[in-house]
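Q: The sequence shown begins at 1363 in our numbering and counts up by one.
Take a look at this one; I'll ask things after.
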Amino acid sequence: MELKAKRQKIHHRQRSPVEPAGDIVSTYFLAQPGIFYTRPKYGCTVVVNLNNKDENSRRGVLHAIQAVQQKSDLLQGRNGYVVSFDPGLWKKWNPKNDIEDRPSSDYMVSSSRKFVNTGGDVLFLLKSDTDGVVPELLQEVEISLSGLATFDVTETRVYNDRAIHGKFRDGIANPVDKNTVERFILTPQTSTPGSGGGSYCYTQKFLMNFGLFQAMTIREQENVIGRKVTDNIVIGDDPRSHIRRARLNDRNIHLKILRGSMPYGNDADQEGIYFNAFANDIQLFLDLMQSLAGDDPYFTQDKLLSLSQGIEGSFWYTPSLRQLGFTDEPDVGLVPTLDFLPFWDVKSTNPYMFYNFHEYLHRMSFGGYGPGDPPTPRVIKLLSVVFSEWGDQWYHKPETSRIPHLSNYLTEAEMPLLKESAAIRKGMAIKKTLGTLIPKTPYGTDNDLFRIYPNELIVGVMPRFSLGIGKYVMPYIREEEEEIPWFMKGLNEGGAMGHIVPDHGIVLEVGLKALKENYKILHSRAPPEKKDFYKSVTLALEGVQEYIDSFAHLAKEMIVQAEKYTDEEKESLRSIYSRLLKLKTDAPSNMLEAVQLLFFMHCSMHLIGNPVAIGRLDVLLRRFYDEKITSEAEAQEILDCLWIKLSERVVINRHFTPDMHDRGSTAVMYAAAGNYGQGSAVNQWVQQITVGGYQANDDDTSMTACNKITLLCLKSSRRIPTNAPCLSLRLHKNMPNEILKETARALLSGGAHPVLIHDDRLVSSLIKSGSPDAPVSLKAARNYACDGCYEPMIAGETEFAFGTIILLNILEMTLNEGTLYADSGSVYLRGLKVSYPSPHCSQIKTFHQLQEIFLKHLRLQTIQFYITILSNYGNLWEICPSPLLSSLIHGCKESGRDLSNGGSNFHTLAMMYVSAANTIDSLYAIKKLVFDPDEALTTLPKLLTALKQDWGFDMREPLFDERAGDVREDANAATYKTLRKKALSLPKFGHGNSEVDRIGNWLMDKVVSLAKDTIYNPPPVLREIIADIKKKYSLPERPFGFIVEPGVGTFEGYVPEALGTGASADGRRSRQPFASDLSPAPAPQDKTAQPASVNIYRAMSSFDHDSINTGLSNGSPVDMNVTEDFPETELYEFIRHYANGTKHIGSNMITVTCADLETYQRAVEEPERYDLVRVRTGGWTEHYVAMFPAHQEHHQRRVFFTPLQNDC
């Protein structure tokens, strides 16, 4: 067929910069543009039944196409059409075209008569947004084919932009970007000339029982569809709702169709829907119909389909423009518009920020990214896959199976290993997990752990594990003899925490084979007490090699599947195959190889239950980045792909949150510390990347470690809108301006990346955290990297354990004779007894006396914490060692000891203090309300009574006798509420009030000194425990000692850790959340969200004290919120001043979340439309819609930091 006419009229946008200039063969440009016109207001479906299939009819059809095209061009407004053919007829007229056949049966699927196959020869879908145009287009068809055919004509019209009775919109799940259209909707190009750009069309005219539908309530109608009349999804798991039955997946990929249904009948009496959709595979439609109908011929699964009956429809082939005979080449400078629903089209005025992934893909794909440096097509394509997996979670709950026991995977010759030590069994369990379970059994594919996407640069798959969700590891316990001892120690095979920073440079330097062979040699020479460690590491490294080899051979197997992949994809798979074969044994020699090997090691450790950070990525990759081999654009693409791999496993729908946590898993204190707030840490994988900072040396003059990779990492964080990895930037004096400017842009993109860390303060702080037994050199301190949430630690040289002390609880003990009053009442009377019986509050006569009692309780709780944690030291080695992780920790190989057995060079203890701002504010409130001679309003006993009764909101026995009656109860409650109102009105920490700040400085100074002095000058009982540890683990050349790093950090615990804490004197209600980290306290959770605002410089002056800047070596993070219109230049200036120390900006760590209060509130109601809004929880970045309500409410009340001109 050949049409000597101009190409179909298109409504276009300018070409996207992400498209190569010479890309004239993109299938998107070859397709009929009318396919992408899915939302016309007026339409007409014309089924042409030819009298004959001869040459005369063929010419008539060509004439009809040309006539419709010309008329469409002449008429005003947006007009379009699609022409499709019976596949058999098309092949008769075009024998060289190899396309799928139309099914011959009268019904599309055998199990249902809902979908009819009535055939037809040619299909015209006529479309316009202007009334009166479609009849004119129809007239051209009828005139051109007069005498040659008969016509079945159905006029369609959309009312209120909705397909079902003006209430429910169609096509919300349509593809929104060019890459997805090319992947799922259009046929690919092959070696056949003119191929590519075609599609298969499926039509079905449904007669609907609208009488029954209209008799339903709105809620019942919404349940039928699965969406509300506002288009928002109905959260739940109704398996019969239409949107869930219509969601098809293949190996965890949502299979897309492009649909454009329109109602027929009139507005007052709609008769039904004429459904039309496009895909590049007929089988997809058949699978979709089977899912909608179900397998039972007497019961229809889909609720909407049960109200419908097909009366006309069939399959069609939609040829490309070239196949139709349009002879002019596509104008690749113009991109045909892909209709984009208003539902997804919500944008921030901030050009760096995105609200939802549909809008992100659409804008990036069609050239709408204002900053002008969008990711490459490869990256957008991979992101579309990841986003699709996230979107599936609104429909299906992601599941992971438990892992069977090691004994199931051992050969007969290996079975004696079950009698070996835990270290040997752990090493073998790692080997079998990585080398057998995942690649060679159904477990790997069933749990989406073993697959390659052909366009990937970085391969490997992270597990669905997280700190909150938990993890499954391969059991190796000998139950009869070990079950009870392990249980009593609070540990299992998953107890190893990870949560440290390995040195990937060890394996990048020599490669896996050399590293493994080194451990084999050490094993052969080792004394008996060290052999198990070296053997366990060898087994673990063999597992990594087998894991890499399995992916290499998977790529090789995919290459031969010629029908599934394009030539470009097969070439990509060949590159993957050769790259992985090399990395199985050898060290990397370029940046891509280095990132791939690093990711394999990182992925392996997460798969075996050792979640770890990545470390100083720009330093690790510096020697592999040679611009003569890898261009800057290629390097950026590699890092973008790494960002994607690290963020695949987001749980976006909290309704479907899995729970894989068991007692004994993730022992942060060398033993399981009991249950903790899992729901607060669902998407926390401790995947920290640190960039910037100083070079690690002992030189008196510091030198920056910043390089090109530093800048590219910042760009990845700005342009890849995910919550992981968590990027931390080490700032120091005289940082390059382009890095500071890119930092401001990244922060304004809304991901709270990067965390801003002050090198000059933290390096000094880490040195001061050392002890005579464990001195920290300048070189070691300069080589710190962030782990977990943000904890700075010496990269690749230390183990790590931490615990928390809730400072508000210490204040409760101070006021309430050593008890916690949140649980005071009829059960525990004055409260839970947790400390020494300090004086009754009536005996506390001065604020200074209260401070002294506070410090005594704090000291006792600090001692108790250290006794608890250090009494468990060494338990992990006996039950769940970490051989693979130990291979990347300096000191382990040299000492012949596992990380869990004292093998590392350093041993870090972090004491994290929680609720700091609330405690400072409460101390100040007590000082003012009770002890200030001019402003006091109450006594300490009366204040305590008010706090015990939750400021009058919980008048309980025996504090208030119910027999006193409601009138007395209300009067007392009103008194307490009035007192609370005064407490809330008092100045707060973090707002630049010098009197409050003095209390803050006093408190921080005391917690720092107590945390260190308790270890370095311990009381007798603790001294004995420490002495025993030193005796057991000291080496002749390396005495054992602890680095003590105090810090202030709630991480994610500002909600769960507050559940046991009563009302506080700052006005906070009982069990309500704390302020995050060292941040100013949020507005009360029980009141309307009206967050305070404060000038950014005035606020940060509150934190400018030595105790905070250099005393809190494990971090003093201040979590800022800024609005979306915060000026980029002012944010840059703030960062520059902070780095250079040229203004009074305190703290050694700052995070910046960019989002408006209105954005948060809309996200609560419309989660799909705001799924890319991300916030800093207190420990990492989280998708706001994934958070449970208490967290969302907290963020709406956090203090906003304003630019200089908005001095509030």
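Quick reminder that beta carbons are idealized off the backbone N, C-alpha and C, glycines included.
Look at the alpha carbon of Y2228 and the alpha carbon of F1849, and state the distance between them as a whole number of angstroms.
A: Walking along the sequence shown from the start, residue 2228 turns up at place 866. Walking along the sequence shown from the start, residue 1849 turns up at place 487. Going by the C-alpha atoms only, they are around 22 Å apart.
Q: What residues match up with W1678 in a beta bridge as DSSP calls it?
A: Translated into the one-based positions of the sequence shown, residue 1678 becomes position 316. In the DSSP output, where bridge partners are listed per residue, W1678 has C1563.
Q: With distances taken from CA atoms, which of N2267, P1837 and N1712 is nearest A2108?
A: Position 746 of the sequence shown, counted from the first residue, corresponds to residue 2108. Here the closest residue by C-alpha is N1712.
Q: Please name the residue in I2082, L2093, A1429 and S2079 whose C-alpha comes closest to that of G2054.
A: What you label residue 2054 is simply residue 692 of the sequence shown in a count that begins at 1. That would be L2093, whose Cα lies nearest to the Cα of G2054.
Q: Along the chain, where does the alpha helix (DSSP H) that runs through G1588 open and close?
A: As a position in the sequence shown, residue 1588 is number 226, starting the count at 1. Segment: none, G1588 is in no alpha helix (DSSP H) and carries neither H nor E.
Q: How far does the beta strand (DSSP E) with K1851 in it extend, from its first residue to its last?
A: The residue you call residue 1851 lines up with position 489 of the sequence shown. Unbroken run through K1851: none, as it is neither H nor E.
Q: Where do the ends of the beta strand (DSSP E) carrying E1930 lie?
A: On the sequence shown, position 568 is the one that residue 1930 refers to. Counting along the chain, E1930 falls outside any beta strand (DSSP E), though it belongs to the alpha helix (DSSP H) covering D1929 to L1945.
Q: If you run the structure through DSSP and keep just helix, strand and coil, what is N2237?
A: If you number the sequence shown from 1, residue 2237 lands on position 875. Helix at N2237.
Q: Evaluate M1963 with the Cβ neighbour count: other Cβ atoms within 10 Å of its Cβ, from every protein chain shown; 16 or more gives buried, anything less gives exposed.
A: Against the sequence shown, residue 1963 aligns to sequence position 601. By the 10 Å Cβ count, M1963 comes out buried.
Q: Do K1793 and G1971 come within 8 Å of each other at the CB atom, strictly closer than that value?
A: Within the sequence shown, numbered from 1, the residue matching residue 1971 stands at position 609. Within the sequence shown, numbered from 1, the residue matching residue 1793 stands at position 431. Going by C-beta atoms, G1971 is not nearer than 8 Å to K1793.
Q: F2293 and Q2311 - do their beta-carbons sit closer together than 8 Å?
A: Translated into positions along the sequence shown, residue 2311 becomes position 949. Translated into positions along the sequence shown, residue 2293 becomes position 931. Contact flag unset, no.
Q: Could you compute how far the alpha carbon of S1506 sits from the alpha carbon of G1729?
A: Residue 1506 sits at position 144 when you count from the first residue of the sequence shown. Residue 1729 sits at position 367 when you count from the first residue of the sequence shown. Approximately 39 Å between the Cα atoms of the pair.
Q: Determine the direct distance from the alpha carbon of G2150 to that of A1608, and round the result to whole angstroms.
A: Within the sequence shown, the letter at position 246 stands for residue 1608. Within the sequence shown, the letter at position 788 stands for residue 2150. Roughly 39 Å separates the two Cα atoms.
Q: Expressed to the nearest angstrom, what Euclidean distance is found between the alpha-carbon atoms of G1695 and N1441?
A: Here residue 1695 refers to the residue found at position 333 of the sequence shown. Here residue 1441 refers to the residue found at position 79 of the sequence shown. With a pLDDT of 48 at G1695, under the threshold of 50, the modelled position of this residue cannot be trusted; read the value that follows with caution. Within the model, the alpha-carbon separation for G1695 versus N1441 is close to 21 Å.
Q: Return no unless some Cβ of chain C is closer than 8 Å to the Cβ of K2290.
A: No chain C is part of this structure, which consists of one protein chain only.
Q: T1389: buried (16+ other C-beta within 10 angstroms of its C-beta) or exposed?
A: Taking the first residue of the sequence shown as 1, we reach residue 1389 at position 27. By the neighbour-count criterion, in which 16 or more other beta carbons inside 10 Å mark a residue as buried, T1389 falls on the buried side.
Q: Report the rounded CA-to-CA distance for L2572 versus K1529, giving the unit in angstroms.
A: Residue 2572 cannot be examined here, being either before or after the span of the chain that is shown, 1363 to 2570.
Q: Determine the direct distance from the alpha carbon of P1733 to that of R1420, and round the result to whole angstroms.
A: Residue numbering aside, residue 1420 sits at position 58 when the sequence shown is read from its first letter. Residue numbering aside, residue 1733 sits at position 371 when the sequence shown is read from its first letter. R1420 and P1733: Cα-Cα distance of roughly 50 Å.
Q: Give a yes or no on whether the C-beta atoms belonging to V1478 and G1656 are separated by under 8 Å.
A: Position 116 of the sequence shown, counted from the start, is the residue given in the question as residue 1478. Position 294 of the sequence shown, counted from the start, is the residue given in the question as residue 1656. Not a contact, by the Cβ cut-off of 8 Å.
Q: Let's test the definition: count the other Cβ atoms within 10 Å of the Cβ of A2389 and tell me whether it reaches 16, buried, or not, exposed.
A: Along the sequence shown, read from residue 1 onward, the residue named residue 2389 stands at position 1027. Counting Cβ neighbours within 10 Å, A2389 comes out exposed, since fewer than 16 surround it.
Q: For my contact list, D1664 and H1604 are in at a C-beta cut-off of 8 Å; report their separation, rounded to the angstrom.
A: Position 302 of the sequence shown, counted from the first residue, corresponds to residue 1664. Position 242 of the sequence shown, counted from the first residue, corresponds to residue 1604. With a beta-carbon spacing of about 6 Å, D1664 and H1604 fall inside the 8 Å limit used to define contacts.
Q: Grouping DSSP H, G and I as helix and E and B as strand, with all else coil, what is M1836?
A: Here the question's residue 1836 lines up with position 474 in the sequence shown. Three-state result, M1836: coil.
Q: At the level of alpha carbons, what is the spacing between V1408 and R1524?
A: In the sequence shown, counting from the first residue as 1, residue 1408 sits at position 46. In the sequence shown, counting from the first residue as 1, residue 1524 sits at position 162. The alpha-carbon atoms of V1408 and R1524 are separated by roughly 21 Å.
Q: Can you have a look at V2013 and say buried or exposed, based on whether 16 or more other CB atoms are within 10 angstroms of its CB?
A: For the purposes of this step, residue 2013 is taken as residue 651 along the sequence shown, with counting starting at 1. Flag for V2013 reads buried.
Q: State the CB to CB distance for the pair N1819 and L1983, rounded to an integer number of angstroms; the pair is presumed to be in contact (CB under 8 Å).
A: Indexing the sequence shown from 1 puts residue 1819 at position 457. Indexing the sequence shown from 1 puts residue 1983 at position 621. According to the sequence as given, residue 1819 is Leu; it is not Asn. L1819 to L1983, Cβ: 14 Å. No contact.
Q: Per DSSP, which residues does K2394 bridge with? Please list them.
A: The count along the sequence shown starts at 1 and reaches residue 2394 at position 1032. For K2394, which the question treats as bridged, DSSP gives no partner whatsoever.
Q: Can you tell me whether DSSP reads H1425 as helix, strand or coil?
A: Numbered from 1 along the sequence shown, position 63 holds the residue referred to as residue 1425. For H1425, the secondary structure class from DSSP, reduced to helix, strand or coil, is helix.
Q: What are the partner residues of A2451, as DSSP defines its beta bridges?
A: Position 1089 of the sequence shown, counting from 1, holds the residue named residue 2451. The partner list for A2451 (beta bridge, DSSP) is empty, contrary to what the question assumes.
Q: Helix, strand or coil for S1446? Go by DSSP, reduced to three states.
A: Against the sequence shown, residue 1446 aligns to sequence position 84. Looking at S1446 - three-state DSSP - the assignment turns out to be strand.
Q: So which of Q1566, K1878, S2078 and I1921 has the shortest CA-CA distance to T1947?
A: In the sequence shown, counting from the first residue as 1, residue 1947 sits at position 585. Here the closest residue by C-alpha is K1878.
Q: Quick check on this structure: which residue in K1540, L1499, S2139 and L2519 has the alpha carbon closest to the alpha carbon of F1398?
A: Locating residue 1398 in the sequence shown gives position 36, counting from the first residue. Per the Cα distances, K1540.
Q: Secondary structure at Q1671, three-state DSSP: helix, strand or coil?
A: Position 309 of the sequence shown holds residue 1671. DSSP places Q1671 in strand when its eight states are reduced to three.
Q: For E1761, which residues from the same chain have a beta carbon less than 7 Å from its beta carbon, with the 5 sequence-adjacent residues on both sides left out?
A: The residue labelled residue 1761 in the question sits at position 399 within the sequence shown. Counting only Cβ-Cβ distances below 7 Å, and skipping sequence neighbours, we find P2020.
Q: Based on Cα-Cα distance, which residue from V2125, C2075, P2137 and L2124 lies nearest to P2116?
A: Along the sequence shown, read from residue 1 onward, the residue named residue 2116 stands at position 754. When C-alpha distances from P2116 are compared across V2125, C2075, P2137 and L2124, the shortest belongs to C2075.
Q: Less than 7 Å between C-beta atoms, sequence neighbours within five positions excluded: which residues of the same chain meet that for A2033?
A: Position 671 of the sequence shown holds residue 2033. So the list reads K1851, G1852, L1853, N2234 and N2237, once near-sequence residues are dropped.
Q: Taking just the CA atoms, how far does I2129 sit from P2408?
A: By 1-based counting over the sequence shown, the position of residue 2408 is 1046. By 1-based counting over the sequence shown, the position of residue 2129 is 767. Cα-Cα distance, rounded: 13 Å.
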